[in-house]
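Same order as they appear, the protein sequences are chains L and X.
If you're matching positions, the first sequence starts at 3 in our numbering and goes up one per residue.
If you're matching positions, the second sequence starts at 3 in our numbering and goes up one per residue.
All C-beta atoms, glycine included, are put in the ideal place defined by N, C-alpha and C.
Here is the structure we will look at.
Protein chains: 2
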Amino acid sequence: MNRRDLIKLSSCAVAAASAPVFAAPPTSPEPGAAVSRWDVLELTFAGPSAGNPFLDVSLSATFRQINRALTVEGFYDGNGTYKIRFMPDAPGAWSWSTTSNAPQLHGRSGAFQCVAPAAGNRGPVSVRDGYHFSYADSSPYVECGTTCYAWAFQPETTQRQTLATLAASPFNKLRMCLFPKWYQHNHKEPPQYPFPRSGDVNDYSIFNTAYFQHFDRLIAALLQINVQADLILFHPYDKWGYQAMPAAVDDRYLRYVIARFSAYRNVWWSLANEFDLMKSKTTADWDRYARILGEYDAFDRLRSIHYSHYQYEYARGWCTHAGIQDSRMQLGAQWRSDWGKPVVFDECRYEGNIASRWGNISGDAMTRRFWQAAAQGCYCGHGETYLDPDDILWWSHGGVLHGSSPAKIAFLRRLLEETIAIGPGPIGFTNFADDPMAARRANGSVLFYYFDEHQPAEGTFALPDGKTYTAEYIDTLALTRTPLPGDYSGNAQVKLPGTPWGSLWFREKGLA
Amino acid sequence: MNRRDLIKLSSCAVAAASAPVFAAPPTSPEPGAAVSRWDVLELTFAGPSAGNPFLDVSLSATFRQINRALTVEGFYDGNGTYKIRFMPDAPGAWSWSTTSNAPQLHGRSGAFQCVAPAAGNRGPVSVRDGYHFSYADSSPYVECGTTCYAWAFQPETTQRQTLATLAASPFNKLRMCLFPKWYQHNHKEPPQYPFPRSGDVNDYSIFNTAYFQHFDRLIAALLQINVQADLILFHPYDKWGYQAMPAAVDDRYLRYVIARFSAYRNVWWSLANEFDLMKSKTTADWDRYARILGEYDAFDRLRSIHYSHYQYEYARGWCTHAGIQDSRMQLGAQWRSDWGKPVVFDECRYEGNIASRWGNISGDAMTRRFWQAAAQGCYCGHGETYLDPDDILWWSHGGVLHGSSPAKIAFLRRLLEETIAIGPGPIGFTNFADDPMAARRANGSVLFYYFDEHQPAEGTFALPDGKTYTAEYIDTLALTRTPLPGDYSGNAQVKLPGTPWGSLWFREKGLA
């Protein structure tokens, strides 16, 4: 390895307590420096700049540890610079070597030590217990997402504001587009384009590296504040041509963003926003995109797709979870069972007051959907669309939040996390007892009922045999928690306040 | 006609302003006295009392006016007394003659004059404009029902209270069972039985006339306060055997109650409450019951059936309307279109606070369902199940109302009635414009949008060409009405308060 080819540690180690800022430019530590587990290792090489490196130069590297070998593609970052990014997922000694059709880049090799992660770095999120998620260190991840489709294309002050808002919010996943958006409230040209553009003509043979470098910074900044970046690869709200590129360009684009972003441990892939509105694409196209993700994403990031009118068949193997758009919350438990994987209602309409029905439900209605999802062992997604004098709507632009639901969603998220923390067992909840709004941990340590628009003044609740529980009544909108007197077991008779939007929680005694 | 065989006018002429009381005993006017249109004419005859008149004696009468002939069955009312009831539906001279296997009852004949109805007597309700209802005098009937399944079996003080409550309520239809009810909160023997009963054995060969006379009084009392009596003929909540009688008994029972009650202009028939829970009955049974109604009910009263889990095929010809149990309000418009008849959500859960989920939705949730139905051109049904120290729950026993929804439902009913009154045209609303919560009169004179959980601060509403409208914003829960400034036409841009549970009404100028 040449001294000129530096191993650089990415700057995206988690600094949860720090103010959200864009990631600092990569620094250049000494060769052989240690890399934290689940951080990004970035190898930088000088290589050919003549011709069109995007088309002409192939580069990949294989990373080895004992009997494991993971191969990732490198990418051209402009100015004769090539990069390879890798996330080591196991501590210890790793080695690497490159393959390229450019002699200058071929056969390069090196080694590094993967060391324990910094505090707060829990690794990537993956599916656990069938229907839920956890970090790689086994700590639970209670998915709680929001949406700022086009925040990447807003003024930098707005982007910084978005990060500050997110850091203070309950949201730990952000749906965001990699392509700019053209739609109501989104009728501005982006500051830059993913491909060089002359008039209405895109030069699809070249990636605008500055455009993608900006996403490097955004993803790293999200990682700093513990937010998963749910990257939307294609979408129909487009005036520039990106929704209908030649198939070879689609594929090259996918391999480029996989090479570029997949080593960030907070990346999720969403093949599309509203795939079924993209009339130029066929099922074969979506199948091919899914295969490319499977083949080139060495880190097996979470993968899904989002629809408008025609529900995707989420039972298909490539999806790690269902990232749906639907308002029929009551179907969550059934879908979960049908598909055998986590169900995330990524979009179920947004809190707001715009004219469009998808963007004007009340804050309480938004909160209700989070509870309805949780009570079925599913997850929900937030978005916000309040009219704004500067036309900055959170759902697309980011900025600040105006609505009443985030505080109420935060309350729910804390309840779920607190519950998982009370003892060992499965990390998530499962719908049970033929009640569409009742959930329990599989070991029976916690059960809760969400009463929704119902207001029972009493009830009988069948608790698992052999356990004794305490009970708590929660007003999901007033955000009050009221312990109920006594212990509960068997077919427990409970007196309740008889008010709507309540939730009743049973926790096993001795664990709480 | 003998002097002993009197034509008696029923006492059920409408006296809308009077306090609700049980109908007075039938009086005995002179033979040949005039009968008001749509009132009950009751013929009384002395006849055989030996043997079992219920089984042994057949009696019917044919009523003729010019070229029309309507035949009704008579019924034995005990103590050697036979009755024939008839509702003349057209003014002028009528004649009648009887047929019987008892010589004493055969070949009797007479005549009477049908005269204009008293004020407030608008005749029976039937289907109009395909999906709506009107009285026979063409005045609209905005269906607004409630439920007191077993009020007939409560103490008389409670029954009187029920009538007083109904008279002061918005409800103009009452679902009620002809058989007593055995179920939660309903574990008392009725004061009397429809058939003589010894221990657990019913003598199905004899009708307890006192039992059925009581229903005469209740139906007449409901008529006095302008409430339709939706009589439920069979139901599964039974410990006495009435849910599984021999087929011949079912049929005789149906013919008896048709003979006895069908002349009351406020009678509707519901073949069952939750027919699909009556495991001893087959589709062939229900078909036979429907045929009996069609054959013996000369007045063609409104007919439907109510289900629990398995939706009835309401497209079937015998049903005049769909009287459904369902909470999926958003499907109303589609069902209406599928079945081609009025859709009444007779049961969509009840306002209350009992443990059962069907009986504990909030008053606002109940109100919401009425609005959701109305905005689809459908109708909704109320019920109330608040825990009570004396265990008197409106849904079954009647008594008094405790909930918050009746006043809000009254507000909606007034709006609908006021709207129909503003000018000629179809009496009801039709869902339109691909908006699940928008309705209009077919002539475009009135349109309204129900925003439900949505809270738009602005909107564009496509109004019919060539008309100018005023607009009003209604808070469906706060019960406020706010005229919006200006006139509206074409694609009307409207600023709205941005609060949930609102409704926007456009009324054609010059009509309002």
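>> Could you tell me which whole beta strand (DSSP E) segments of length 3 or greater appear in the stretch 370-453 of chain L?
In response: 440-442 and 448-452
> At least one CB of chain L closer than 7 Å to the CB of residue 282 of chain X: is that the case?
Replying inline: As a working note, residue 282 of chain X is residue 280 in the second sequence. Not closer than 7 Å to any Cβ of chain L, the Cβ of residue 282 of chain X fails to qualify, so no.
>> Cutting at 8 Å between CB atoms, please list the residues of its own chain near residue 59 of chain X, excluding the five before and the five after it.
In response: The residue labelled residue 59 of chain X in the question sits at position 57 within the second sequence. Closer than 8 Å at the Cβ level, and outside the excluded window around residue 59 of chain X, lie 49, 50, 78, 84, 102, 103, 104 and 107.
>> Considering only their Cβ atoms, is the gap separating residue 443 of chain L from residue 515 of chain L smaller than 7 Å?
In response: A query on residue 515 of chain L cannot be resolved here, the shown segment of chain L reaching from 3 to 514 and no further.
>> Is the beta carbon of residue 184 of chain X closer than 7 Å to that of residue 232 of chain X?
In response: Stepping through the second sequence from its first residue, residue 232 of chain X is reached at position 230. Stepping through the second sequence from its first residue, residue 184 of chain X is reached at position 182. No; because the gap between Cβ atoms is not below 7 Å, this pair is not in contact.
> By Cβ distance, which residues of its chain are closer than 6 Å to residue 243 of chain X, with the 5 residues on each side in sequence left out?
Replying inline: Start at 1 with the first residue of the second sequence, and residue 243 of chain X comes out as number 241. Closer than 6 Å at the Cβ level, and outside the excluded window around residue 243 of chain X, lie 204.
>> If distances are taken between C-alpha atoms only, which option among L/63, L/92 and L/418 comes closest to residue 452 of chain L?
In response: Against the first sequence, residue 452 of chain L aligns to sequence position 450. Nearest of L/63, L/92 and L/418 to residue 452 of chain L, Cα basis: L/418.
> Closest Cβ-Cβ distance between residue 403 of chain X and chain L: below 7 Å?
Replying inline: Numbered from 1 along the second sequence, position 401 holds the residue referred to as residue 403 of chain X. It does not; no Cβ of chain L falls within 7 Å.
> Going by other Cβ atoms of all chains shown within 10 Å of its Cβ, with 16 needed for buried, is residue 374 of chain X buried or exposed?
Replying inline: On the second sequence, residue 374 of chain X is found 372 positions in, with the first residue counted as 1. Residue 374 of chain X comes out buried.
> Are the C-beta of residue 461 of chain X and some C-beta of chain L separated by less than 7 Å?
Replying inline: If you number the second sequence from 1, residue 461 of chain X lands on position 459. Yes, because at least one Cβ of chain L sits closer than 7 Å to the Cβ of residue 461 of chain X.
> In chain L, which residues lie less than 8 Å from residue 186 of chain X when you measure between Cβ atoms?
Replying inline: As a working mapping, residue 186 of chain X is identified with position 184 in the second sequence. Those within 8 Å of residue 186 of chain X in chain L number zero; the least Cβ separation is about 12 Å.
>> Buried or exposed for residue 1 of chain X, going by 16 or more other Cβ atoms inside 10 Å?
In response: Examination of residue 1 of chain X is not possible in this model, given that chain X is present from 3 through 514 alone.
>> Using the three-state DSSP reduction, which class does residue 167 of chain X fall into: helix, strand or coil?
In response: Residue 167 of chain X sits at position 165 when you count from the first residue of the second sequence. The answer is helix: DSSP assigns residue 167 of chain X an H, G or I state.
> Can you tell me whether DSSP reads residue 27 of chain X as helix, strand or coil?
Replying inline: For the purposes of this step, residue 27 of chain X is taken as the residue at position 25 of the second sequence. With a pLDDT of 39 at residue 27 of chain X, under the threshold of 50, the modelled position of that residue is not reliable, and no figure is offered here.
> Between the stretch 391-404 of chain L and the stretch 146-158 of chain L, are three or more C-beta pairs nearer than 8 Å?
Replying inline: yes
>> Is the separation between the beta-carbon of residue 428 of chain X and that of residue 446 of chain X shorter than 7 Å?
In response: Your numbering for residue 428 of chain X matches position 426 in the second sequence. Your numbering for residue 446 of chain X matches position 444 in the second sequence. No, the pair does not count as a contact, with Cβ atoms beyond the cut-off.
> Between residue 117 of chain X and the rest of its own chain, which residues show a CB-CB distance below 8 Å, the 5 nearest in sequence each way excluded?
Replying inline: The residue labelled residue 117 of chain X in the question sits at position 115 within the second sequence. Around residue 117 of chain X: 36, 37, 38, 39 and 93.
>> In whole angstroms, give me the CA-to-CA distance for residue 62 of chain X and residue 301 of chain X.
In response: On the second sequence, residue 62 of chain X is found 60 positions in, with the first residue counted as 1. On the second sequence, residue 301 of chain X is found 299 positions in, with the first residue counted as 1. Distance between the alpha carbons of residue 62 of chain X and residue 301 of chain X is about 15 Å.
>> Contact defined as beta carbons within less than 8 Å: I believe residue 430 of chain L pairs with residue 131 of chain L. What is the distance between those atoms, to the nearest angstrom?
In response: On the first sequence, position 428 is the one that residue 430 of chain L refers to. On the first sequence, position 129 is the one that residue 131 of chain L refers to. So it is a contact: roughly 6 Å between Cβ atoms.
> What distance in whole Å lies between the Cβ atoms of residue 473 of chain X and residue 503 of chain X, which are believed to be in contact at a cut-off of 8 Å?
Replying inline: Within the second sequence, numbered from 1, the residue matching residue 503 of chain X stands at position 501. Within the second sequence, numbered from 1, the residue matching residue 473 of chain X stands at position 471. Not confirmed; about 17 Å, so no contact.
>> Beta carbons nearer than 9 Å to chain L: which residues of the stretch 440-461 of chain X have them?
In response: 453, 454, 455, 456, 457, 458, 459, 460 and 461
>> Taking DSSP's pairing of strands, which residues face residue 474 of chain L in a bridge?
In response: Here residue 474 of chain L refers to the residue found at position 472 when the first sequence is read from its first residue. Partner(s): L/485 and L/507.
>> As an exercise, report each continuous alpha helix (DSSP H) stretch of at least 4 residues that is fully enclosed by the stretch 177-252 of chain L, in chain order.
In response: 211-226
> If you count every other CB in all the chains shown that lies within 10 Å of the CB of residue 481 of chain L, and 16 or more means buried, which is it?
Replying inline: Position 479 of the first sequence, counted from the start, is the residue given in the question as residue 481 of chain L. Exposed is the call here.
> Rounded C-beta distance between residue 379 of chain L and residue 441 of chain L? I'm assuming under 8 Å.
Replying inline: Here residue 379 of chain L refers to the residue found at position 377 when the first sequence is read from its first residue. Here residue 441 of chain L refers to the residue found at position 439 when the first sequence is read from its first residue. Yes, residue 379 of chain L and residue 441 of chain L are in contact; Cβ-Cβ is about 6 Å, under 8 Å.
> Cβ of residue 1 of chain X less than 7 Å from any chain L Cβ?
Replying inline: Since the first residue shown for chain X is 3 and the last is 514, residue 1 of chain X is missing from the structure and cannot be characterised.
> Name the chain X residues whose beta carbon is nearer than 7 Å to that of residue 359 of chain L?
Replying inline: As a first step, residue 359 of chain L is located in the first sequence; it is residue number 357 there, counting from the start. Neighbours of residue 359 of chain L on chain X, chain order: 456.
> On the three-state DSSP scale, how would you describe residue 461 of chain X?
Replying inline: Counting from 1 along the second sequence, the entry for residue 461 of chain X is found at position 459. Residue 461 of chain X: strand per DSSP, three-state reduction.
> Among residues of its own chain, excluding the 5 on either side of residue 500 of chain L, which ones have a beta-carbon nearer than 6 Å to its beta-carbon?
Replying inline: Within the first sequence, the letter at position 498 stands for residue 500 of chain L. Closer than 6 Å at Cβ, skipping near neighbours: 457 and 459.
> What's the call for residue 420 of chain L, buried or exposed, on a 16-neighbour Cβ count within 10 Å?
Replying inline: Taking the first sequence and counting its residues from 1, the one referred to as residue 420 of chain L is at position 418. With fewer than 16 other Cβ atoms within 10 Å, it is exposed.
> Relative to the alpha-carbon of residue 221 of chain L, which residue among L/265, L/250, L/252 and L/210 has its alpha-carbon at the smallest distance?
Replying inline: In the first sequence, counting from the first residue as 1, residue 221 of chain L sits at position 219. The shortest C-alpha separation from residue 221 of chain L is found at L/265.
> Are the C-beta of residue 476 of chain X and some C-beta of chain L separated by less than 7 Å?
Replying inline: What you label residue 476 of chain X is simply residue 474 of the second sequence in a count that begins at 1. Taking Cβ atoms only, chain L never reaches closer than 7 Å to residue 476 of chain X, which makes this a no.
> For residue 164 of chain L, which residues of its own chain have a beta-carbon under 7 Å away from its beta-carbon, when the five flanking residues on both sides are left out?
Replying inline: Taking the first sequence and counting its residues from 1, one reaches residue 164 of chain L at position 162. These residues qualify, in order along the chain: 150, 153, 400 and 401.
>> Less than 7 Å between the C-beta atoms of residue 363 of chain X and residue 353 of chain X, yes or no?
In response: Position 361 of the second sequence, counted from the first residue, corresponds to residue 363 of chain X. Position 351 of the second sequence, counted from the first residue, corresponds to residue 353 of chain X. Cβ distance < 7 Å, so residue 363 of chain X and residue 353 of chain X count as in contact.
> Under the DSSP definition of a beta bridge, which residues are partnered with residue 332 of chain L?
Replying inline: In the first sequence, the residue the question calls residue 332 of chain L occupies position 330. Its beta-bridge partners do not exist; DSSP assigns none.
> Just to confirm, are residue 356 of chain L and residue 389 of chain L a CB contact at a threshold of 7 Å?
Replying inline: Position 354 of the first sequence, counted from the start, is the residue given in the question as residue 356 of chain L. Position 387 of the first sequence, counted from the start, is the residue given in the question as residue 389 of chain L. Their beta carbons are under 7 Å apart, which means residue 356 of chain L touches residue 389 of chain L by this criterion.
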